[in-house]
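Chains as they are written, first to last, in numbering that gives the first Met the number 0: chain Z, 0 to 54; chain Y, 0 to 227; chain G, 0 to 473.
In this text, a Cβ means the ideal position worked out from N, Cα and C, and glycines have one as well.
Comments concern the structure below.
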Amino acid sequence: MNAMFEPFVDVVPSFFATLSQGPMTLTIFLHTVIILPMFWIYKQEKARLEQEEGN
Amino acid sequence: MAKKSVWSDNRFWQRTAGWVTGFASVLLIWLTFDTSAQISMGTDTDLQNGVTKRVPGPTVINYKIAYEFNKKRQHEIPVIGGMNSEGTSAFQEKEKFFGRDDWSEEEAESLLHLGKLASQTKNCMNCHTLLGNGGYYAPDLTKAWLDPAWGPEGSMQAMTSKETKEEAMAEFLQNPSQYPTHARMMPNLGITAEEAKGLVAFLKHLSSIDTNGFPRNFGKIQGAVNGK
Amino acid sequence: MANSYSKSESKKLATWYFTVAAILFGAQLLFGLIAATQYVMPGFLFEILDFSVARMVHINALVVWMVFAMFGSVYWLLPDETGIETVGIGLGKLLFWVFTAAVTVVVLVYLFVQVGPADETSLWFIHEGREYIEAPRWADIGITIVALGFVANLYMTGIKGNRSGIVTVLMADMIAFAGLYLTGMFYTDNISVDQYWWWWVIHLWVEATWEVFVGALAAYGLITMIGAHRKVVEMWLWIEVSMLFGSGILGMGHHYFWIGTPEYWWEIGALFSALEPLPLVAMFIHVLYDWGKMQGEEDAKGLPHTVVNNKPAFTWFIMNALGNFLGAGVWGFFHTMPQVNLYTHGTQFTSAHGHLAFFGAYATILIGMMYLAVQGKNNIKILNHTKSSIWAVSMVVGGVVGMTVALTLAGYSDVIISRAQMGATWAGYFDAQSTTWLVQGLVWRLIMGVITFVGFIFLIKDLLSIGKATHHVR
Numbered sequence: 000m001n002a003m004f005e006p007f008v009d010v011v012p013s014f015f016a017t018l019s020q021g022p023m024t025l026t027i028f029l030h031t032v033i034i035l036p037m038f039w040i041y042k043q044e045k046a047r048l049e050q051e052e053g054n
Numbered sequence: 000m001a002k003k004s005v006w007s008d009n010r011f012w013q014r015t016a017g018w019v020t021g022f023a024s025v026l027l028i029w030l031t032f033d034t035s036a037q038i039s040m041g042t043d044t045d046l047q048n049g050v051t052k053r054v055p056g057p058t059v060i061n062y063k064i065a066y067e068f069n070k071k072r073q074h075e076i077p078v079i080g081g082m083n084s085e086g087t088s089a090f091q092e093k094e095k096f097f098g099r100d101d102w103s104e105e106e107a108e109s110l111l112h113l114g115k116l117a118s119q120t121k122n123c124m125n126c127h128t129l130l131g132n133g134g135y136y137a138p139d140l141t142k143a144w145l146d147p148a149w150g151p152e153g154s155m156q157a158m159t160s161k162e163t164k165e166e167a168m169a170e171f172l173q174n175p176s177q178y179p180t181h182a183r184m185m186p187n188l189g190i191t192a193e194e195a196k197g198l199v200a201f202l203k204h205l206s207s208i209d210t211n212g213f214p215r216n217f218g219k220i221q222g223a224v225n226g227k
Numbered sequence: 000m001a002n003s004y005s006k007s008e009s010k011k012l013a014t015w016y017f018t019v020a021a022i023l024f025g026a027q028l029l030f031g032l033i034a035a036t037q038y039v040m041p042g043f044l045f046e047i048l049d050f051s052v053a054r055m056v057h058i059n060a061l062v063v064w065m066v067f068a069m070f071g072s073v074y075w076l077l078p079d080e081t082g083i084e085t086v087g088i089g090l091g092k093l094l095f096w097v098f099t100a101a102v103t104v105v106v107l108v109y110l111f112v113q114v115g116p117a118d119e120t121s122l123w124f125i126h127e128g129r130e131y132i133e134a135p136r137w138a139d140i141g142i143t144i145v146a147l148g149f150v151a152n153l154y155m156t157g158i159k160g161n162r163s164g165i166v167t168v169l170m171a172d173m174i175a176f177a178g179l180y181l182t183g184m185f186y187t188d189n190i191s192v193d194q195y196w197w198w199w200v201i202h203l204w205v206e207a208t209w210e211v212f213v214g215a216l217a218a219y220g221l222i223t224m225i226g227a228h229r230k231v232v233e234m235w236l237w238i239e240v241s242m243l244f245g246s247g248i249l250g251m252g253h254h255y256f257w258i259g260t261p262e263y264w265w266e267i268g269a270l271f272s273a274l275e276p277l278p279l280v281a282m283f284i285h286v287l288y289d290w291g292k293m294q295g296e297e298d299a300k301g302l303p304h305t306v307v308n309n310k311p312a313f314t315w316f317i318m319n320a321l322g323n324f325l326g327a328g329v330w331g332f333f334h335t336m337p338q339v340n341l342y343t344h345g346t347q348f349t350s351a352h353g354h355l356a357f358f359g360a361y362a363t364i365l366i367g368m369m370y371l372a373v374q375g376k377n378n379i380k381i382l383n384h385t386k387s388s389i390w391a392v393s394m395v396v397g398g399v400v401g402m403t404v405a406l407t408l409a410g411y412s413d414v415i416i417s418r419a420q421m422g423a424t425w426a427g428y429f430d431a432q433s434t435t436w437l438v439q440g441l442v443w444r445l446i447m448g449v450i451t452f453v454g455f456i457f458l459i460k461d462l463l464s465i466g467k468a469t470h471h472v473r
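Set out below in structure tokens:
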């Protein structure tokens, strides 16, 4: 499992370079952060639509 | 009564568009701060203290520059002033540039400033590529300083009857159409001797920028090419 | 009605913008032909009008004619969308003349001064030597003022009139469009910083704000030309905005692989820009789907009519859906991954992508808008094709696709020989230039360029005369 945590390879250390130690991590992190709040928006809008239909 | 789906609801998509755009913009701005700090130009002190910068200071023109494969990063990197035991820049070995290897920070800065201005005002980028961006009518200049054609074995020093790489380059830049290397020639752009010196400094500095291994295998393979 | 041509000053102003756009489009093609000829005959106009100058005019005319046509499109659709006359039309007209005069002066200086000494004065008054945004600094400031005036008119009209979804998207989009130009105006000795911000203009224009603009135009076109339902069209527009900005803004990372910027851009650039074709697929499907659906509704009524009320414009809109997907989407995706881009970056392959993407994504739909203006100006209910309109679309599209294929083939040897085998040296570059694929490819590009230009002449002839043809339904 050691290979899953690469030592730093970029020139200058930074937060994003740290996130991108393995090639997948940065990508998965960013895409997840974007998609997750859409569930919350979805739930809110669903509740709104149901309320409108109830009237 | 069938329930309306959220997936076909305009308000849901409008809010999603707002969220996604906002998040991407904020992240881009954050990344810009991070990147800006990493690509700010280094100083003479950095070079003397052996601090590796992605974009070294202008006095890098006092040093020997190479472009060597680095085992840790698995691609070529600029190696400034000789290589240390880790395969990165040692910042030791100097190289004369127009006869001097003691260009002060102010002198080197003003030379680079003149060269960068010339690269824009002479419109280099509409024929050549710099860092791979520009026109495709002439060779890429990212690592031109390290091109074997300009080296001691290359054809350009002999053609311009000059002793050093920098003098050969400066001579060519001032009178390009006198030294044709191909049917497609570089036009005379009215480059003065001083501007030519600046441009060569600009090119030497350009070759010291860490481009994450672009271009790959630069100058490593020479000779005949199949496929003609 | 506020939105008929005879009553609307906004629509009149739109036709002015379209006229100048068409002239600049011609200039773009002409100087493209000169540059293409120089590839085949390097001595052509050598040290008179060099490749660097011809290409600078070629790509600047491209950007500027599109901006003119975009402003024209907004002035054309605003009265329809908001239900009122555009606010500040006097200012709009004044800015039109300022913009046109400035562009004329800039082009004359490009052609007759060409290069200056290496100092700030040259940057202020000749050009800045930065691909696509070469305009000298005085013109930068002028363009900013013109763009802000345009955005002010859009906002005032949107706030006063009915703010449809399309207008809302345009308002958000055009302020970003104008604001981003500011990031490309400063000078720095650090070329990595220089190119970092340079892409904020180029990329965030053509792969984000301009694409959203096209989404809004396509939405407007579907409602106007085939009577698509606004609610459905606007839902698609919001989906497209989500996907375009969601992928396009961080997709900028694909320009930050090799310019001195950190390695983490490899992942960010690759994975976000790999998603960039998705909205373009969506737009393509959306346009064709709505067309089929509206035609189906018409057929169900037992009426033998076509549902399309402006056939030349709709043809160009369909070409946009296809061209945007192919040129920007597929040709862009070809080389957006760092492992590919390491070798394709800055080769004829990039040029192939550039030609089909700019044409497919923007030129097509803006030409479509010009046909909508011709229809409105001549008060025609159903605008039919003429022989010229069919020749124009066939030759222009065929020519550009032909150029793209030729440049793609030329790109093979550029990529394989000059980059992969020879490592991008001076010798490697010229080895690639002399290969059969590249030499023949560039001759074919010139031939296809000539075909495009002939098609353009048909297009202009048609735009000027189609309104007078008698086979339309009035």
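- Three or more beta-carbon pairs separated by less than 8 Å are not found between the stretch 241 to 251 of chain G and the stretch 310 to 318 of chain G, which leaves the two stretches without contact.
- Between Glu262 (chain G) and chain Z, the shortest Cβ-Cβ separation is below 9 Å.
- Proximity of chain Y to Ser13 (chain Z) at the Cβ level (cut-off 9 Å) is accounted for by Asp33, Thr34, Ala36, Gln37, in chain order.
- Distance from the CA atom of Glu106 (chain Y) to the CA atom of Ile60 (chain Y), rounded to whole angstroms, is 11 Å.
- When DSSP states are grouped into helix, strand and coil, Arg99 (chain Y) belongs to the strand group.
- At a cut-off of 9 Å between beta carbons, Met23 (chain Z) makes no contact with chain Y.
- Counting of Cβ neighbours within 10 angstroms places Met234 (chain G) among the buried residues, the total reaching 16 or more.
- Collapsing the DSSP output to three states places Asp139 (chain Y) in a strand.
- At a cut-off of 9 Å between C-beta atoms, Ile40 (chain Z) counts as an interface residue with respect to chain Y.
- For Val78 (chain Y), the uninterrupted beta strand (DSSP E) segment begins and ends at 74 to 79.
- Apart from sequence neighbours up to five positions away, the residues of its chain that approach Leu12 (chain G) with a beta-carbon distance below 7 Å are Tyr74, Ile88, Gly91, Lys92, Phe95, ordered along the chain.
- For Val19 (chain Y) and Ile33 (chain Z), the gap between their C-alpha atoms comes out near 7 Å.
- For Ile64 (chain Y), there is no enclosing alpha helix (DSSP H); the residue is part of the beta strand (DSSP E) that begins and ends at 64 to 69.
- Chain Z places a beta carbon closer than 9 Å to that of Glu266 (chain G), counting this residue as a contact.
- Chain Z places no beta carbon closer than 9 Å to that of Leu355 (chain G), leaving this residue out of the contacts.
- Distance from the Cα of Ala143 (chain Y) is smallest, within the candidate group Y:Phe68, Y:Leu130, Y:Asn211, Y:Ala117, for Y:Leu130.
- In the three-state DSSP reduction, Val102 (chain G) falls in the helix class (H, G or I).
- Between the alpha carbons of Ala53 (chain G) and Ser3 (chain G) lies a gap of roughly 41 Å.
- Leu181 (chain G) has a beta carbon lying at 9 Å or more from every beta carbon in chain Y.
- Excluding residues up to 5 positions away in sequence, Ser387, Trp390, Ala391 lie with their Cβ nearer than 6 Å to the Cβ of Phe457 (chain G) in the same chain.
- Cβ contact annotation for Ala89 (chain Y) (same chain, cutoff 7 Å, sequence separation greater than five): Gly80, Gly81, Met82, Asn83, in chain order.
- Straight across, the Cα-Cα distance linking Ala171 (chain G) with Gly21 (chain Y) is about 12 Å.
- Here Tyr180 (chain G) has Ile142, Thr143, Ala146, Val200 as same chain residues with Cβ atoms under 7 Å from its own Cβ, once five neighbours each way along the sequence are excluded.
- DSSP lists Y:Gly133, Y:Asp139 as the beta-bridge partner residues of Thr128 (chain Y).
- Boundaries of the alpha helix (DSSP H) around Asn319 (chain G): 310 to 322.
- Only those residues of the stretch 107 to 119 of chain Y whose C-beta falls short of 9 Å from the nearest C-beta of chain G are listed: Glu108, Leu111, His112, Leu113, Gly114, Lys115, Leu116, Ala117, Ser118, Gln119.
- According to the DSSP assignment, Lys380 (chain G) belongs to no alpha helix (DSSP H), since it is labelled neither H nor E.
- For the stretch 70 to 96 of chain G, the beta-carbon criterion of a distance under 7 Å to any beta-carbon of chain Y is satisfied by none of its residues.
- DSSP places Val39 (chain G) in the uninterrupted alpha helix (DSSP H) bounded by 8 to 39.
- Thr51 (chain Y) belongs to the set of residues whose beta carbon lies under 9 Å from a beta carbon in chain Z.
- Three or more pairs of CB atoms, one per stretch, sit closer than 8 Å, so the stretch 188 to 206 of chain G contacts the stretch 246 to 261 of chain G.
- DSSP lists Y:Ser88 as the bridge partner or partners of Met82 (chain Y).
- By the Cβ test, the stretch 32 to 44 of chain G is in contact with the stretch 438 to 455 of chain G, since at least three Cβ pairs between them sit closer than 8 Å.
- As DSSP reads the structure, Lys230 (chain G) sits in no beta bridge.
- Ser433 (chain G) places its beta carbon 9 Å or farther from that of Tyr135 (chain Y).
- Taking the Cα positions, Asn152 (chain G) is about 15 Å away from Ala175 (chain G).
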